[in-house]
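2 protein chains.
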Amino acid sequence: MSELTVAAIQTAPVFGDLTGNLEAALALVPPGCDLAVLPELCTTGYQFVSREEALSLAEPVPDGPACRRLLAFAAERKVTLVAGLAELARDGGDGARCYNSAVLCRPDGTWALYRKVHLFWDEKLWFAPGDLGFPVFRACGTTVGVMICFDWIFPEAARSLALAGAAVICHPSNLVLPHCPDAMITRCLENRVHAITANRVGTESRTDQPLRFIGQSQIVSPRGEVLAACAGAGAGAAVARIDPAATDKRVTPRNDLFADRRPESYHL
Amino acid sequence: MSELTVAAIQTAPVFGDLTGNLEAALALVPPGCDLAVLPELCTTGYQFVSREEALSLAEPVPDGPACRRLLAFAAERKVTLVAGLAELARDGGDGARCYNSAVLCRPDGTWALYRKVHLFWDEKLWFAPGDLGFPVFRACGTTVGVMICFDWIFPEAARSLALAGAAVICHPSNLVLPHCPDAMITRCLENRVHAITANRVGTESRTDQPLRFIGQSQIVSPRGEVLAACAGAGAGAAVARIDPAATDKRVTPRNDLFADRRPESYHL
Numbered sequence: 001m002s003e004l005t006v007a008a009i010q011t012a013p014v015f016g017d018l019t020g021n022l023e024a025a026l027a028l029v030p031p032g033c034d035l036a037v038l039p040e041l042c043t044t045g046y047q048f049v050s051r052e053e054a055l056s057l058a059e060p061v062p063d064g065p066a067c068r069r070l071l072a073f074a075a076e077r078k079v080t081l082v083a084g085l086a087e088l089a090r091d092g093g094d095g096a097r098c099y100n101s102a103v104l105c106r107p108d109g110t111w112a113l114y115r116k117v118h119l120f121w122d123e124k125l126w127f128a129p130g131d132l133g134f135p136v137f138r139a140c141g142t143t144v145g146v147m148i149c150f151d152w153i154f155p156e157a158a159r160s161l162a163l164a165g166a167a168v169i170c171h172p173s174n175l176v177l178p179h180c181p182d183a184m185i186t187r188c189l190e191n192r193v194h195a196i197t198a199n200r201v202g203t204e205s206r207t208d209q210p211l212r213f214i215g216q217s218q219i220v221s222p223r224g225e226v227l228a229a230c231a232g233a234g235a236g237a238a239v240a241r242i243d244p245a246a247t248d249k250r251v252t253p254r255n256d257l258f259a260d261r262r263p264e265s266y267h268l
Numbered sequence: 269m270s271e272l273t274v275a276a277i278q279t280a281p282v283f284g285d286l287t288g289n290l291e292a293a294l295a296l297v298p299p300g301c302d303l304a305v306l307p308e309l310c311t312t313g314y315q316f317v318s319r320e321e322a323l324s325l326a327e328p329v330p331d332g333p334a335c336r337r338l339l340a341f342a343a344e345r346k347v348t349l350v351a352g353l354a355e356l357a358r359d360g361g362d363g364a365r366c367y368n369s370a371v372l373c374r375p376d377g378t379w380a381l382y383r384k385v386h387l388f389w390d391e392k393l394w395f396a397p398g399d400l401g402f403p404v405f406r407a408c409g410t411t412v413g414v415m416i417c418f419d420w421i422f423p424e425a426a427r428s429l430a431l432a433g434a435a436v437i438c439h440p441s442n443l444v445l446p447h448c449p450d451a452m453i454t455r456c457l458e459n460r461v462h463a464i465t466a467n468r469v470g471t472e473s474r475t476d477q478p479l480r481f482i483g484q485s486q487i488v489s490p491r492g493e494v495l496a497a498c499a500g501a502g503a504g505a506a507v508a509r510i511d512p513a514a515t516d517k518r519v520t521p522r523n524d525l526f527a528d529r530r531p532e533s534y535h536l
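Set out below in structure tokens:
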């Protein structure tokens, strides 16, 4: 397997400007990039005020305009994209529901979907909890897993992806708490995977609980090295070359982090 | 529940000086301390060269001299001690075996035992893998769990202890890799527990693979704050006051880190 150029795209979206936000994000994808991760809810912005508002801004996958645009961009630029968006889904019975999702779009026009498992704070009012577990996908010659933002605090999320074979964890985010960048180093070390955390910047004050997003998008190696990172303010991109095959779980001649797990000793 | 004074005792042991090493460690336990954690293998030192050597330096629990001395000190000073030592155990059939253990000694003369589950590198040659799982113990008015050194890299260790009710994780260590101090902050955040990592300093060169131990003993709060820490060189103690009841798993009005776990979504 050859090396990949990967990017974490850091954006400063304007709430509700679906087309403008997506075009601004795509404009930051560097030429020659193989895999680019865009933030959580990168088209809509974050701070919904009602379930109706979330539903009105959500789009079906893959037939909505955002997903169609992502697939077209992926094909044109031969890049795999992972982007967070509000997904509108029809269920069998009671009508529409909304997921905090991320869509993976390949250059060949195929796509895959992750729906955020661990919802943060008021997201529980607008979104249904993810019902697809933590699947992994083949993309750009490697195996990719997706988790979204607050999933970071549950070690089971990255662990599930890594045990299922993910070499690269794509992590669209809208982080407001300070701890995640450091914690993702632990996630990479304990699982020997790469992680690409794409976060946003800026503030939203659509309720009486203003939110400030911390930026600090980053790419971390399986050895816990921060290969590239953005600052805490400003849109931009963190770009790095990675070898996706470099996820050997052996940390000493006698220790393999996966073979050494002892599930019979755990109560989880 | 009232506050506790807790300490991480950082030592510079001399290989094989069982009595001297233990007395030097106990001399660092501060007056009025409620709970003190001593390093992994704090009596023997770390770098054994054969299984026979490990067996010759190991002691039974609780009848060996180290455990008897720990119990006497605990009673005299009204402190709960958690100390790593090489445990000599008789099994039913093939004679003696050795565990990399930690013994918890209460002021009332009772004790409890943890045997290291995840053995590091050549420890696999001298020690049997721990066969007691990750139990938790009542001590000094709270619930305490124990893990040893390399257990840190397996998120299942701290998770198992926290899910079983541990409010304070006692973590005797002989760390040589640089990542653990930061990773323990993640462990505390993701589980909302306190952690007391007691590490050693110095070097051992008893084989052609010299080891340098990194010190940096620390006490971390459930919010990921480093409450006290030692430097990377020198014996000493990190001491802090903690409220062991302050382990609320709620991180927002709608998020409880344990109730929000979704085991049906994990494959572990």
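Residue numbers (this note's numbering), protein chains in the order written: chain A, 1 to 268; chain B, 269 to 536.
Even for Gly, the Cβ is constructed at its ideal location relative to N, Cα and C.
Everything numeric in this text was worked out from a predicted model, so none of it was measured.
Among the options, nearest to residue i - alpha-carbon criterion
{"i": "C105 (chain A)", "options": "A:A74, A:V144, A:A231", "result": "A:A74"}
{"i": "Y46 (chain A)", "options": "A:S173, A:P135, A:G20, A:D63", "result": "A:S173"}
{"i": "E59 (chain A)", "options": "A:C33, A:V29, A:R97", "result": "A:R97"}
{"i": "E225 (chain A)", "options": "A:I242, A:A237, A:F213, A:F48", "result": "A:I242"}
{"i": "E308 (chain B)", "options": "B:A514, B:A499, B:C438", "result": "B:C438"}
{"i": "A24 (chain A)", "options": "A:A235, A:P244, A:E264, A:K249", "result": "A:A235"}
{"i": "G500 (chain B)", "options": "B:A514, B:P446, B:V488", "result": "B:P446"}
{"i": "G284 (chain B)", "options": "B:R345, B:R474, B:R522, B:R518", "result": "B:R474"}
{"i": "A275 (chain B)", "options": "B:V507, B:V488, B:A426, B:S324", "result": "B:V507"}
{"i": "A139 (chain A)", "options": "A:R250, A:L28, A:P244, A:P253", "result": "A:P244"}
{"i": "I277 (chain B)", "options": "B:N523, B:D528, B:N467, B:A496", "result": "B:N467"}
Residues sharing a beta bridge with residue i, DSSP
{"i": "P172 (chain A)", "result": "A:A198"}
{"i": "V82 (chain A)", "result": "A:V37, A:L104"}
{"i": "I185 (chain A)", "result": "Paired residue(s): none; I185 (chain A) is not in a bridge."}
{"i": "E59 (chain A)", "result": "A:E87"}
{"i": "I487 (chain B)", "result": "B:I464, B:A496"}
{"i": "T247 (chain A)", "result": "Paired residue(s): none; T247 (chain A) is not in a bridge."}
{"i": "L272 (chain B)", "result": "B:I510"}
{"i": "F127 (chain A)", "result": "Its beta-bridge partners do not exist; DSSP assigns none."}
{"i": "V144 (chain A)", "result": "A:F137, A:V168"}
{"i": "R480 (chain B)", "result": "B:T471"}
{"i": "T11 (chain A)", "result": "A:R200"}
Buried versus exposed, by CB contacts within 10 Å (16 or more), residue i
{"i": "F388 (chain B)", "result": "buried"}
{"i": "H535 (chain B)", "result": "exposed"}
{"i": "A380 (chain B)", "result": "buried"}
{"i": "F526 (chain B)", "result": "exposed"}
{"i": "S369 (chain B)", "result": "buried"}
{"i": "S485 (chain B)", "result": "buried"}
{"i": "S270 (chain B)", "result": "exposed"}
{"i": "R90 (chain A)", "result": "exposed"}
{"i": "G109 (chain A)", "result": "exposed"}
{"i": "T247 (chain A)", "result": "buried"}
{"i": "R212 (chain A)", "result": "exposed"}
{"i": "S265 (chain A)", "result": "buried"}
{"i": "K384 (chain B)", "result": "buried"}
{"i": "G202 (chain A)", "result": "buried"}
{"i": "H19 (chain A)", "result": "According to the sequence displayed, residue 19 (chain A) carries Thr and not His. Burial call: exposed."}
Three-state secondary structure assigned by DSSP to residue i
{"i": "T207 (chain A)", "result": "coil"}
{"i": "L268 (chain A)", "result": "coil"}
{"i": "T287 (chain B)", "result": "helix"}
{"i": "W389 (chain B)", "result": "coil"}
{"i": "F316 (chain B)", "result": "coil"}
{"i": "R97 (chain A)", "result": "strand"}
{"i": "L381 (chain B)", "result": "strand"}
{"i": "R406 (chain B)", "result": "strand"}
{"i": "I400 (chain B)", "result": "A quick correction: the sequence has Leu, not Ile, at residue 400 (chain B). Residue state, collapsed to three classes: coil."}
{"i": "A157 (chain A)", "result": "helix"}
{"i": "R522 (chain B)", "result": "coil"}
{"i": "A75 (chain A)", "result": "helix"}
{"i": "L262 (chain A)", "result": "For clarity, residue 262 (chain A) is Arg in the given sequence; the question names Leu instead. R262 (chain A): coil per DSSP, three-state reduction."}
{"i": "A237 (chain A)", "result": "strand"}
Residue i vs residue j beta-carbon contact at 8 angstroms
{"i": "R460 (chain B)", "j": "P423 (chain B)", "result": "no"}
{"i": "Y114 (chain A)", "j": "L132 (chain A)", "result": "yes"}
{"i": "C42 (chain A)", "j": "T11 (chain A)", "result": "yes"}
{"i": "A354 (chain B)", "j": "T312 (chain B)", "result": "yes"}
{"i": "I487 (chain B)", "j": "L495 (chain B)", "result": "yes"}
{"i": "V414 (chain B)", "j": "G433 (chain B)", "result": "no"}
{"i": "V329 (chain B)", "j": "I464 (chain B)", "result": "no"}
{"i": "A505 (chain B)", "j": "L296 (chain B)", "result": "yes"}
{"i": "I153 (chain A)", "j": "L457 (chain B)", "result": "yes"}
{"i": "R187 (chain A)", "j": "D390 (chain B)", "result": "no"}
{"i": "F134 (chain A)", "j": "Y99 (chain A)", "result": "no"}
{"i": "P281 (chain B)", "j": "N289 (chain B)", "result": "yes"}
Proximal chain D residues relative to residue i, where beta-carbon distance stays under 9 angstroms
{"i": "A246 (chain A)", "result": "Looking at the structure shown, chain D is missing, and the protein chains on hand are A and B."}
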